[in-house]
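Report on the following structure.
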Amino acid sequence: MREPKVHVGILSETKIEFIFPDTYRVNEEEVSGKQLVLFDNGKILWKNNRYDELLFESLREETDSFELLDVTIGINFHWERKENQRFHGALKFIVEDEKITGINVIHVEDYLTSVISSEMSATASLELLKAHAVISRSWLLYQLKVESGKWKVAMQHNNAANSQLNKDSQLSTFNFQLIKWYDREDHMHFDVCADDHCQRYQGITRASTEMVEQAIQATRGQVLTSENKICDARFSKCCGGAFEEFQYCWEDVKHPYLVKQRDSKKATFLPDLRIHSEAEKWIRTSPDAFCNTKEKRMLSQVLNNYDQETTDFYRWKVEYTQEELAKLIFQRSGIDYGQVIDLIPIERGTSARISKLKIIGTKKTLIIGKELEIRRTLSPSHLYSSAFVVDKTEVKNGIPGKFILTGAGWGHGVGLCQIGAAVMGEQGYAYDEILLHYYIGAAIEKLY
Ligand SMILES: [Zn+2]
Ligand SMILES: [Zn+2]
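Going by my numbering, 555 is the number at position 425 of the sequence shown; the sequence numbering is gapless.
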């Protein structure tokens, strides 16, 4: 197959300003310089004409670029701000929800170069970057639903789920259970957005690093596959020593390459962490694992500048007073449990992450899940992970005064563990060894 192109949704506004420093072509016409489109009565108003859609194409794809003004980045984050951004490729405008959406149409490999340059730290090793290139490409082509010869993406599960229920979350409320999971919602009119929802993309606003370009070229067209399908290559910051399995975090489907294993090649024995006593021993100790590191040099390869201060995530602790916890759970869930009597793990996955947690309150008792719902409910932002054990202290009349959560890992723990992969790269493992350690039994194949 040939290298596909990706449609990236960059911004959605009622007024968009942009600049063509070079000549671009639209409807047989050549344009350059500063331009403006306005949303007007369901249409795109440009130079006194109304359009349903506009496509500006560059004359020289390799070198030409355009600039979008006032693009909001970091939406809903504390560092949200506007900046001008530059892009290679074509610029497309469509009408969506009473606004104009600006879309960048770009070759897959160029998109990946930009995404990995802005996502990964400049200190990352080449093998780590190559591993990430293959993961990002797999994720992207999975989104593009690439089909070519024997290549088919397994979308049937998603489609079935979408038609039944909500697009991004699944919910079942029976027997006093509130079990939800959140998966990425698909975009209707483009493939991926430029935000963290998909992968952060800033075009060529910042120069791509030479190492990233090298990593992309070295792995051009390569994706992870299993059973003749592109893998759903999930990854998270730190598994906590053992891999979680897909079905404990999302839909109840078992992927053969997203299965339990110790994140180590020295110590391969993995206790059954679904058993509470085993999980307790695991979390309260610090077993050998690739991601068992506090070395800033390692962490800085994976964590971007915004969260580099943190070093305690292989094992971590969070403390709440009764008042703090009761208030927090009420604010986060909208459910009034009264005072919190206990937090009891009902079900754990293969990494000791809790997938069902019973919250016992003086007013209400409910089982919640899966891992992300638990992490959202028990923290003002997100708890590092749902792999934790609970200690209650200062108990008076059956009501604990204090809750101490001792936990392991950061994120869902399914698939590649970014910190572990960084350490493997430093220890001299090649990118394919890293990938096949985390995606068990998968293959790396070149699509183009
Ligand atoms: Zn998105
Ligand atoms: Zn790990």
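Every residue, glycine too, gets a C-beta built ideally from N, C-alpha and C.
Every value quoted in this text rests on a predicted model; they were computed, and no experiment measured them.
Cβ contact annotation for Leu175 (same chain, cutoff 6 angstroms, sequence separation greater than five): Leu168, in chain order.
Per DSSP, reduced to three states, the secondary structure at Phe320 is coil, with no helix or strand assignment. In the structure shown, Ala538 falls within a strand segment according to DSSP collapsed to helix, strand and coil. Counting along the chain, the unbroken beta strand (DSSP E) around Tyr154 starts and ends at 145-156. Distance from the C-beta of Gly537 to the nearest heavy atom of ligand 2 is not below 6 angstroms. Of the other Cβ atoms in all chains shown, fewer than 16 fall within 10 Å of the Cβ of Ile405; this residue is therefore exposed.
Collapsing the DSSP output to three states places Ser515 in coil.
Nearest to Ile465 by alpha-carbon distance, out of Ile474, Leu496, Leu473, is Leu496. Relative to the non-hydrogen atoms of ligand 1, the Cβ of His319 never comes closer than 6 angstroms to any of them. In this structure, ligand 1 has a non-hydrogen atom nearer than 6 angstroms to the beta-carbon of His327.
Annotation for Cys368 indicates a beta carbon at 6 angstroms or more from all heavy atoms of ligand 1. According to DSSP, Glu477 shares a beta bridge with Lys486. The continuous beta strand (DSSP E) containing Asp170 extends over residues 159-170. Judged by pairs of C-beta atoms under 8 angstroms, the region 558-568 does not touch the region 468-480, as fewer than three such pairs exist. Between the region 522-542 and the region 444-452 there are three or more C-beta pairs closer than 8 angstroms, enough to call the two in contact.
Judged by the Cβ position, Cys361 fails to qualify as a neighbour of ligand 1 at the 6 angstroms threshold, every heavy atom of the ligand being at least this far.
DSSP places Lys390 in the coil class of the three-state scheme, outside both helix and strand.
Fewer than three pairs of CB atoms, one per stretch, sit closer than 8 angstroms, so the region 386-395 makes no contact with the region 265-275.
Residue Ser188 holds the alpha-carbon nearest to the alpha-carbon of Val161 among Ala348, Ser188, Arg180. With contacts defined as CB atoms closer than 7 angstroms, Glu410 and Thr480 fail to qualify as a contacting pair.
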